[in-house]
Every structure is written in C-alpha cells, then in structure tokens.
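Chains as they are written, first to last, in our numbering: chain H, 1 to 350; chain C, 351 to 700. So the structure is just underneath, and the comments pick up after that.
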DNA sequence: TATCAACACGAAAACGTTGTAGTAATGTTA
DNA sequence: TAACATTACTACAACGTTTTCGTGTTGATA
C-alpha cells in the first residue's frame, strides 16, 4: 500500500526534526524564514496534507456530525440533509449519513457504529418502530455519554435535547381552516396511526379547526393509515381502497386534508377516477412540499415544512452544543425551535 | 468536557497494565480467565467502547467511504445512496455524504475535505459543471494518491477507474423502439445539452432507433434543454414553453421520449393542457423510475435504472479496491459494470 | 537443585499530529 | 568577561489503540 506523505518523511528528507516541519508549515515565528520556505516547498512537492484522523485523535473532535433518518428516499428528509450539509460544510464539518429504514434495531446499530468516536454529535429523526416501542434507551445513553444530540420532526418529549420541529398542530389547523373558508363543509383527514407523533399532532389540529367552526367530527372521516409500508407499492393499494370506501360511503365529502403529500396525491387520483372534479367537487390539502405536490394534476396545495431550514437550524444547534462541550462552557437549557410553515395554494383548492 | 472511558482508565482502576486490559477484552489466551472476567465486568460497568479514531489511525483505514453526488434532492441519487449504505453497512463501513450541488468547486472542496484520511475511498457521480469544464484533475490526483475511486452514472472515459453505469444508449433505443412499435410515427426527444454524458448517450439511442426504422430525424424534434436549473421553479417555465412550441409547430407529434422523469411529466402536463389525450394522441416514455412516474396522471412509462443496485455494485467494487490496496494485492484492471435497465410500462403508453 | 517450560502479565513502539519545555549557539549588556 | 537574551531549532509527551517482545513467577523435570 502506497503511503501518504507524513511529517516524519518530510523531516527525514529535509534533515530537520518533525517539530520543525510541523511548525514551519504553520508559519511559527520559532522557525527561520529560510527553513519555512524550504519545508513548504518540499511539502508542496510531495503533496503533503495533514492526516485528519491523527488530528481528530489529538484534538478529540472529528469535525463530523452524524445524521440518522428513517428513509432517504423521501423528499422531506432529503431537504433536511441538504440543509444540514450546507450549514455543516460551511463550518468545516462533514456529514455522515445513517439510515434506520424505519427500524429500531437499525437505528440502534447505526448510532452505536457512530457513537464510538466517529462523530461529534447526532442529528436524528426517530424511526417509526422506535416511536412504536417507545424505547429511547439508546438516546439517553448517548446523552449520558455527553454526546450532543438534536432531534427534528419526529421528536418525543421524553428525551431532553434540542429539537427542531414545525408546529404540526397549528399548521394542520390552518390547512383545515383554509378548506373550511373555501367552502368545504365535510372534511376528511388521511392520517397515520397515533404513535407517529406528527400524524397525531396533525390530527389534533384537524380536530381543533373543526371544533372552532362548530363542526362535529365524524369518526368515519378520520382515516388512520397503517403506514408500515409507506412509499411501497403494496401499501398504496390499501390506501386507495380506504379512500374509495370513504368517498363511497360519504359522497358529500368535499374536503380532504392529508398528513403527507403522497396520501394527498393518491386521494386525488382515486377521487378523479370516481368522477370528482378537483377543486370544484373536492378540495385537497397535503403536508410537505415535495416533487409530487408540484407536479400532480391538479397541482397540490400543501403545507410547506421548509426542510432545508430545519436542517440548517438543527446543524446550528448541534454545533453550538459541540462547542459548548469542547470548550467546557456552562450548559444552556435545551431548546425547541419551531420552524414556521406556510400554506402553498395551488390547483387542488379553490 | 466529560471524557470517554479508555483503556488507560480501566487499567488504572483495575491496577493492571493497559496491555492486559486490551488483551483481556479480546479474550487473549495470554490472560487468565480470572483477569478476563474482572476486566470485562468493569469495562461493561463503565460502558467502555474502543475509540474508533484511534483504531483508524493505527490500522490506517477508516472503514468509511465517501459518496459525492451532484444533488440529493433527486430520487435517483437517493436510491443510489440507499444501495451504497446497505452494502457498506453490512460490511462494517460507514458512509459520508458530500454534495457538489452541480458545482465544480464544491466537488473539489468536498473531495479535498475527505481525501485527507477521513475516508478509504470515493464513490462519485460527476457534477454538471465538471463535465462542462472537462477538468478532471482532482480525480486523477485522488487516483495518484492511491485512493480508490468508483464512478457511477455520469462517468467519463478519461478517468481510469471502476465505473457503474446503465447502457444509456441501448435503453433509450429500447424506449424509442417501443414507442414506434406502439404506433408512434413522429417522435420528439426532450434531452439535455450534450456535455451531460447521459443526455448525449440517450440522444444517440434515440437517433439509432429512428435510423433502424428508416425514420429521418428532424432537428426541430430534438430539444436540448439547458438544465442549469433542473428541478428549480424558473427552469420549468422554459421547459414548458419549449414543449408548447414543439407541439404547436408539429401538431402531429405522437410520441415523446424524455431523458428524465421530470421532463416527461412536464411534457404530459403541457400536452394535456393543449388537449392531447395520453396515450391515445401522444405516448410518452421517461427515464428514471421515481415518485413522479408512479403518481403522475397518467402514470408514466419509464426506463428504470435500478439506482439501488447501482449503489450496491459501486460499493462492492470500491470495497474490493480498498481490500486490494490494504492487502497489497496485485491491481486488477479497472472494470465498467453495466447495470441492466428495464422498461416499465404504465399509462402513458398504449 | 539447577534447568526449563508454561503462565500471566508489563513495557514500549507505532500510527501522525501538536505544543510545551528544553537546549545549543549566537549576540548583547554591564 | 560573566550574565543574560535571542534565535532556531530538537525532544518528548500526549491522544487511544494493538501487538511484539520481554520478564518474573510458578511448577515440573533431570
């Protein structure tokens, strides 16, 4: 194996000590200009570059942050990564990505793989299975080991760390309010099982909007989809069937709020097949502003979560914590940053 | 800063040497069972885990691979990452992601950030700007430093490394053949400027299919889109306008082949607005099987690139090279693996 | 009882850096 | 000219491991 140029090699060939080489490369005043020039020239010649690993070991920091997400084939998470990367890179950090694939054990394994010194801190959105099991031991252990941790989107109160979220409840309420204001009188919601925090919160917003308008919620109109296989083919059939049944049993539904864009798009598809005209007969609002929303027919009105901002913010919070830690600053209380959403109105609403 | 448990601490508290602790944890036969048990128990108590950075330094390998892609908000790349991650993880490797954002300098910076010992090898898809400038110095430098490199999708012949691609030309030819067999007689192509290798190759396939069927290509029907701002809002307006003009000037176009799914979906949208019925008046085939293809109306027939397979394969090749390098095995000649595509027929073709 | 394994452990080097604490060889001052 | 600064370097420890090469005790053998 070809070996990279090291200080030792430079030192040997230049017939000076390692320290001299190190200092010369850093323009130390201890070293004569002559030597500095010689060393630098030779270093350039041999294409010397300091070994990051050695530095990490010495400095006890890796300048790397780990982000662990449930699924990368997902526009929202992808946006978040982009935001994290951008902020991290411009602060000299690298980003290492772990995929939990919505599985508890994968999440644990990934965290363990990285928590052995490979990274200075974590940014995490919890896997579905973890939410279901409510087993947060690996999180608390990480925190106990004093490794900073920032959660985003799918968070739980039990874990005492910085968090970046959107106001799911409020956003959902705004979406449903909009539907009502635009004339929808009977509004269904396509949501997830309650253990998915964001689904639960958005459902809450839906219910609040109804209540504020004196509309009684109808159990049949609240469809909680088991999203085990979200974004998998076979899962969609189930979803389609449920929407079809809904529209069959309640032909006067004229508004649908979906907690993600895929549900919304599928709902529109089924409705169109059944002869509904969107937005005239039926108005639809989704959540998450991704590719699908922009290019569906009709284009989908949706709540934009600003994933990239969430990512940057999470990175910012994390790097602050890392600094706090390495500089032994007093620990600030954990904070939860709420990124504001906004409703993007497109073709699926009047 | 709270310090992690180290061998030294364990040694001190157990009143044995560091070596003994190290060996005990590895069940060395040199150490008595008694001591092994004591050490292990205490290590577990203090939650000891070996410091990966120290290991990396010692072993001269990081068990980390870097993947650099032009854009993460892109279904295809996302699939590739997933494939890389899967293969890498199950072989004990971590994945660190760099985003070039289609920019040359970002690509260079990212590679330099990682090529200082942080990673054992690269998996890369070239940024658009790099293809345009044809400046491959950072690649050759990386190879000169003996850092293994595998390219995928957007590759160039000038760089002597392993590659993973699909047969763009052949796949495009198959797509266009299918269009012709299904009755399309006047087929347009929505492609990119020639410097994007995949665009150029797919255009070549289009032309070959036409030639094989005795159809003369018409310059007007070959639309090369400057994809500077692909997936950005303002870019799409330009695209829409171009498609509109095409269909206006050539009302008898009855087939469109697009080199990515977004172009295809936009084309369908414009066509529908102009009163075309898909697939009866106009058949469309895209490239890349992403979210859009599955959920467009009508659903889009498309060439599936199997991004995940490409990712796994790339990771496999890279890890082979890494092994070759660290074990000083003889260097095998570089190879180019062609992942087979297949045409997924959906609603946009008859 | 001197010799030699076997056993159980420790010392030290190495991976590539950085920074502190020396240390020679000059030049300057009283 | 003895005491002291300054200059320009070098030695060494440290970061946390692993591993090779000792080494001091045992107990068994001749």
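We treat Cβ as the ideally placed atom computed from N, Cα and C, and that holds for glycine.
Endpoints, the beta strand (DSSP E) within which residue 501 (chain C) is located: Taking the first residue of the second chain as position 1, residue 501 (chain C) is located at position 151. Element bounds for residue 501 (chain C): 499-502.
CA-to-CA distance, residue 436 (chain C) to residue 662 (chain C), given in whole angstroms: Within the second chain, the letter at position 312 stands for residue 662 (chain C). Within the second chain, the letter at position 86 stands for residue 436 (chain C). If I take the Cα positions, the gap works out to 7 Å.
Sub-9 Å separation of residue 413 (chain C) and residue 533 (chain C) beta-carbons: Within the second chain, numbered from 1, the residue matching residue 413 (chain C) stands at position 63. Within the second chain, numbered from 1, the residue matching residue 533 (chain C) stands at position 183. Going by C-beta atoms, residue 413 (chain C) is not nearer than 9 Å to residue 533 (chain C).
Counterpart residues of residue 344 (chain H) in DSSP-defined beta bridges: Along the first chain, one-based indexing puts residue 344 (chain H) at 344. Partner(s): H:302.
Between the CA atoms of residue 6 (chain H) and residue 43 (chain H) - distance to the nearest angstrom: In the first chain, residue 43 (chain H) corresponds to position 43, counting from 1. In the first chain, residue 6 (chain H) corresponds to position 6, counting from 1. Roughly 9 Å between the two C-alpha positions.
Pairwise C-alpha distance: residue 209 (chain H) and residue 250 (chain H): To locate residue 250 (chain H), count along the first chain from 1; it is residue 250. To locate residue 209 (chain H), count along the first chain from 1; it is residue 209. Going by the C-alpha atoms only, they are around 20 Å apart.
For residue 512 (chain C), three-class secondary structure by DSSP: Sequence index remark: in the second chain, residue 512 (chain C) carries index 162 (1-based). DSSP places residue 512 (chain C) in strand when its eight states are reduced to three.
Complete runs of the beta strand (DSSP E) confined to the segment 17-70 of chain H [at least 3 residues]: 64-69
Beta carbon proximity, residue 146 (chain H) to chain C, threshold 9 Å: Start at 1 with the first residue of the first chain, and residue 146 (chain H) comes out as number 146. Judged by the 9 Å Cβ criterion, residue 146 (chain H) is in contact with chain C.
Continuous alpha helix (DSSP H) stretch holding residue 106 (chain H): start and end: Residue numbering aside, residue 106 (chain H) sits at position 106 when the first chain is read from its first letter. First-last of the alpha helix (DSSP H) with residue 106 (chain H): 104-114.
Residues from the segment 116-135 of chain H in contact with chain C, defined by Cβ distance under 7 Å: 116, 117 and 118
Cβ distance (whole Å) where residue 300 (chain H) is taken to contact residue 265 (chain H) below 8 Å: On the first chain, position 300 is the one that residue 300 (chain H) refers to. On the first chain, position 265 is the one that residue 265 (chain H) refers to. Their Cβ separation, rounded to whole angstroms, is 6 Å, which keeps residue 300 (chain H) and residue 265 (chain H) in contact under 8 Å.
Given 8 Å, three or more beta-carbon pairs between the segment 617-636 of chain C and the segment 395-408 of chain C: no
Rounded straight-line distance, which links the Cα of residue 645 (chain C) to that of residue 185 (chain H): Translated into positions along the first chain, residue 185 (chain H) becomes position 185. Translated into positions along the second chain, residue 645 (chain C) becomes position 295. The alpha-carbon atoms of residue 185 (chain H) and residue 645 (chain C) are separated by roughly 28 Å.
Simplified DSSP assignment, three categories, for residue 249 (chain H): Walking along the first chain from the start, residue 249 (chain H) turns up at place 249. Here residue 249 (chain H) sits in helix by DSSP.
Residue nearest to residue 220 (chain H) in terms of C-alpha spacing, selected from H:278, H:107 and H:246: Translated into positions along the first chain, residue 220 (chain H) becomes position 220. Checked all of H:278, H:107 and H:246; the closest Cα to residue 220 (chain H) is H:246.
Proximity winner among H:61, H:304 and H:302, relative to residue 148 (chain H) (alpha-carbon distances): Along the first chain, read from residue 1 onward, the residue named residue 148 (chain H) stands at position 148. Among H:61, H:304 and H:302, the Cα nearest to that of residue 148 (chain H) belongs to H:61.
Short Cβ contact (9 Å threshold) for residue 546 (chain C) with residue 689 (chain C): To locate residue 546 (chain C), count along the second chain from 1; it is residue 196. To locate residue 689 (chain C), count along the second chain from 1; it is residue 339. No, the pair does not count as a contact, with Cβ atoms beyond the cut-off.
Spatially closest choice to residue 472 (chain C) from C:500, C:362, C:466 and C:460, by CA coordinates: Stepping through the second chain from its first residue, residue 472 (chain C) is reached at position 122. Selected option, being the one with the closest Cα: C:500.
Where the beta strand (DSSP E) containing residue 686 (chain C) begins and where it ends: As a first step, residue 686 (chain C) is located in the second chain; it is residue number 336 there, counting from the start. Note, residue 686 (chain C): beta strand (DSSP E), 686-689.
CA-to-CA distance, residue 675 (chain C) to residue 310 (chain H), given in whole angstroms: Position 310 of the first chain, counted from the start, is the residue given in the question as residue 310 (chain H). Position 325 of the second chain, counted from the start, is the residue given in the question as residue 675 (chain C). Taking the straight line joining both Cα atoms gives about 40 Å.
Beta-carbon proximity check, residue 609 (chain C) vs residue 539 (chain C), cutoff 9 Å: Position 259 of the second chain, counted from the start, is the residue given in the question as residue 609 (chain C). Position 189 of the second chain, counted from the start, is the residue given in the question as residue 539 (chain C). Contact flag set, yes.
Residue 172 (chain H) versus residue 442 (chain C) - alpha carbon distance: Taking the first residue of the first chain as 1, we reach residue 172 (chain H) at position 172. Taking the first residue of the second chain as 1, we reach residue 442 (chain C) at position 92. Going by the C-alpha atoms only, they are around 42 Å apart.
Residue 454 (chain C) and residue 428 (chain C) closer than 9 Å at C-beta: What you label residue 454 (chain C) is simply residue 104 of the second chain in a count that begins at 1. What you label residue 428 (chain C) is simply residue 78 of the second chain in a count that begins at 1. Inclusion of residue 454 (chain C) and residue 428 (chain C) in the CB contact set at 9 Å is not warranted, their separation being larger than that value.
Simplified DSSP assignment, three categories, for residue 528 (chain C): Within the second chain, residue 528 (chain C) is the residue found at index 178, counting from 1. The answer is helix: DSSP assigns residue 528 (chain C) an H, G or I state.
Contacts that residue 463 (chain C) makes with chain H (C-beta to C-beta distance below 7 Å): In the second chain, the residue the question calls residue 463 (chain C) occupies position 113. Per Cβ cutoff of 7 Å: 94.
Proximity test, Cβ basis, 9 Å: residue 458 (chain C) and chain H: Indexing the second chain from 1 puts residue 458 (chain C) at position 108. So no, residue 458 (chain C) is outside the interface.
Close Cβ partners of residue 698 (chain C) (< 6 Å) along its chain, the five nearest in sequence each way excluded: Translated into positions along the second chain, residue 698 (chain C) becomes position 348. Once the five neighbours on either side are set aside, the close Cβ partners of residue 698 (chain C) are 628, 629, 634, 648, 650 and 651.
Distance between residue 426 (chain C) and residue 191 (chain H) (C-alpha atoms, nearest Å): Residue numbering aside, residue 191 (chain H) sits at position 191 when the first chain is read from its first letter. Residue numbering aside, residue 426 (chain C) sits at position 76 when the second chain is read from its first letter. If I take the Cα positions, the gap works out to 27 Å.
Neighbour list for residue 602 (chain C) in chain H, Cβ cutoff strictly below 8 Å: For the purposes of this step, residue 602 (chain C) is taken as residue 252 along the second chain, with counting starting at 1. Annotation: residue 602 (chain C) has no Cβ neighbours in chain H at a cutoff of 8 Å; minimum Cβ distance is about 24 Å.
Separation of residue 101 (chain H) from residue 592 (chain C), as counted between CA atoms: As a first step, residue 592 (chain C) must be located in the second chain, where it is residue number 242. As a first step, residue 101 (chain H) must be located in the first chain, where it is residue number 101. For residue 592 (chain C) and residue 101 (chain H), the distance between alpha carbons rounds to 40 Å.
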